[in-house]
């Protein structure tokens, strides 16, 4: 599914339904696994997920709701490596509130500053998002607002459970949709375009 086009093909719809029904559960961060679940059990769940997907959703606390309208941009995020998704949060935080402790490369730091200069997040970010001790969850609040609310039950599985639960504590609204879209799409493009973001963050 191409996130840069609004045309949704039958294959795109199938990919979306499969991800919504069981793919999101297969991609869930390990912190979402049921207590006491062993590696062998996780592998077994994965092997039977296309047929017994209700078992996987139950183990991952995923609601049995009808698929939302296909969201290509969410499948783009899901297609990233888990390390790349972590970098998405780091770069969102860096652009929104410059992080002096970040050990980013000079080229990435310059890129983030230029994006921040263009979007001017200091003018529209709520004061509750400080990106310090809760950097990842605050960044996830921004990323969450980029997608329809109905997608959150699946989107949250892509990140550690504590980070997602902290993000749920913030009810933010009124963010400029166009700037949020530019911010999130630019960062996902940056992260997916460079092999440098396969390396785990040192932060």
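Residue numbers (our numbering): 48 to 250. Glycine residues also receive a C-beta, built at the ideal position from the N, C-alpha and C atoms.
So, with DSSP's three-state summary, where would you put residue 200? Counted from its first residue, the chain shown places residue 200 at position 153. Here residue 200 sits in helix by DSSP.
Apart from the five residues just before and just after residue 142, which ones in its own chain have a Cβ nearer than 8 Å to its Cβ? On the chain shown, residue 142 is found 95 positions in, with the first residue counted as 1. Answer for residue 142: 159, 162, 163, 166, 168, 230, 234, listed in chain order.
Which residues in the same chain as residue 199 place their Cβ atom closer than 7 Å to its Cβ, once the five residues preceding and following it in sequence are excluded? Taking the chain shown and counting its residues from 1, one reaches residue 199 at position 152. The answer, listed in chain order, is 191.
From this set, 216, 67, 187, 218, which residue's C-alpha is nearest residue 111's C-alpha? For the purposes of this step, residue 111 is identified with residue 64 of the chain shown, where counting begins at 1. Of the listed residues, the one whose Cα sits closest to residue 111 is 67.
Jot down the residue ranges of each uninterrupted alpha helix (DSSP H) in the segment 114-186, minimum 4 residues, whole runs only, in chain order. 119-126, 129-143, 153-166
Kindly indicate which three-state DSSP category residue 92 falls into: helix, strand or coil? In the chain shown, counting from the first residue as 1, residue 92 sits at position 45. Residue state, collapsed to three classes: helix.
Give me, in chain order, the residues of the same chain whose beta-carbon lies closer than 6 Å to that of residue 224; leave out the 5 immediate sequence neighbours on both sides. The count along the chain shown starts at 1 and reaches residue 224 at position 177. Here the set comprises nothing.
Quick one: measure Cβ to Cβ for residue 127 and residue 210, integer angstroms, because I've assumed they're closer than 8 Å. Against the chain shown, residue 127 aligns to sequence position 80. Against the chain shown, residue 210 aligns to sequence position 163. Not quite, the Cβ-Cβ distance comes to about 16 Å (not below 8 Å), so this is no contact.
Contacts around residue 140, its chain only, beta-carbon distance under 8 Å, and the 5 residues preceding and following it disregarded: In the chain shown, counting from the first residue as 1, residue 140 sits at position 93. Correct list, in chain order: 146, 178, 182, 183, 185, 186.
For residue 63 and residue 173, I'd like the C-alpha separation in whole angstroms. Walking along the chain shown from the start, residue 63 turns up at place 16. Walking along the chain shown from the start, residue 173 turns up at place 126. In a straight line, the C-alpha of residue 63 is about 32 Å away from that of residue 173.
From 195, 202, 219, residue whose alpha carbon lies closest to that of residue 132: For this step, residue 132 is matched to residue 85 along the chain shown. The shortest C-alpha separation from residue 132 is found at 202.
Tell me whether the beta-carbon of residue 72 lies closer than 7 Å to the beta-carbon of residue 107. For the purposes of this step, residue 72 is taken as the residue at position 25 of the chain shown. For the purposes of this step, residue 107 is taken as the residue at position 60 of the chain shown. Yes.
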